[in-house]
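Report on the structure given below.
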Amino acid sequence: MATTRPERAGLPAASARRARDDDELARYPLRQSLTAAPETLAALRRSGLLEWLTKPECCLLVDDEDRITICAAHEDALEQAVAFIMQAHGASVKLDAPQVHGVPDHQGGGPLQPLMFVRAQVPRAHAAQALEELVRRHANVLENDLQTDCVVLRAEVRLADLLGYPVFLRELTGGTAALWIWLLRYAPGRA
C-alpha cells in the first residue's frame, strides 16, 4: 500500500485528513508526525522508504506535503518505523511527540479512546512486577495464567495508559518476555 495524500477535490487537506481519520485511520490509534526541510522530505519520498515502511496490519505513513505522519497500530510498530527513518535521515528529521488518537462518538458523547488488548508471556521471575505495572497503568487484568516456565497475562488497557509498557517489559526481562498488543475497540474515556 502506498503512502496516502489527502484528496484535494473540494476539501482542504485538514478537512480531508479529518474525514479519513474517522474511517480508514481508526485502526491506527498512535500517531507521530515528522517534519524536515523540503529537500529531506523529497529524498524520503524518492527513496521508497515510506512505501516500504507502510504495512497495513501495523503502520501507515500519511504524506501531507509539509510533514509525514506515522500512523501505527501499536507502540512497537511506531518505534520500528521511527528507527528506520532516523537511521536513514538522522538529525535532518524532527519528530513531534507521539499522540494517542481517539475517534468521535457518533452517539453524542465525548471522544472515544483506544482500548488495547495486551497479552504478555513473562518469565516467572518477573511476572509479579509485570502484573503490578499493568495494574498501576489501570489495566483490567483478565487472566493471570501460571504455566510451567512463564506466566501469561491478558489485559485490557487504554493506549494512553499503556505507552511505555513495551520498553518497561523489555528492560525488566532483558528482552525475554513476549508481548502482543492490538486495538480491541474504542471506548469512552475515564471520568
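My numbering numbers the first residue of the sequence shown as 2 and each following residue consecutively. Where is the CB? At the ideal position from N, CA and C, for every residue including glycine. Just so we're clear, the structure is a prediction, and the values are computed from it rather than from any experiment.
When you compare only the Cα positions, how much space is there between residue i and residue j?
i	j	result
Q148	L26	37 angstroms
A128	L143	15 angstroms
Q122	C151	6 angstroms
I86	W181	23 angstroms
F118	G110	23 angstroms
I71	L164	16 angstroms
L160	A74	10 angstroms
T36	L51	14 angstroms
Within its chain, find whatever has a CB closer than 7 angstroms to the CB of residue i; leave out the 5 residues flanking it on each side and keep chain order.
i	result
Q130	L173
T41	H90, S93, V94
A188	L113, Q114, L116
Starting from residue i and walking both ways along the alpha helix (DSSP H), at which residues does that stretch end?
i	result
D97	It is not in any alpha helix (DSSP H) - D97 carries neither H nor E in the DSSP assignment.
L50	50 to 54
V168	166 to 174
A73	No alpha helix (DSSP H) holds A73; the beta strand (DSSP E) holding it covers 69 to 73.
D162	160 to 163
Quick check on the DSSP output: the beta strand (DSSP E) that includes residue i runs from which residue to which?
i	result
Y29	Note, Y29: premise wrong, no beta strand (DSSP E); not H, not E.
P189	179 to 189
D77	Unbroken run through D77 is the alpha helix (DSSP H), 76 to 90; no beta strand (DSSP E).
D64	60 to 64
Any idea if residue i is buried or exposed, counting beta-carbon neighbours within 10 angstroms, 16 or more meaning buried?
i	result
Q108	exposed
G190	exposed
Q33	buried
E58	exposed
P39	exposed
T55	buried
A43	exposed
G103	buried
Take residue i and list the residues in its own chain whose beta-carbon comes closer than 6 angstroms to its own, dropping the five residues that flank it on each side.
i	result
D162	R138, H139
D77	P167
A82	L54, C60, I71
Who are the Cβ neighbours of residue i in its own chain at under 8 angstroms, not counting the five residues just before and after it?
i	result
A84	none
G176	none
D106	P112, L113, P189
V136	V142
At 4 residues or longer, and completely inside the region 110 to 156: list those alpha helix (DSSP H) runs for me, N to C. List check, alpha helix (DSSP H) in window: 125 to 137.
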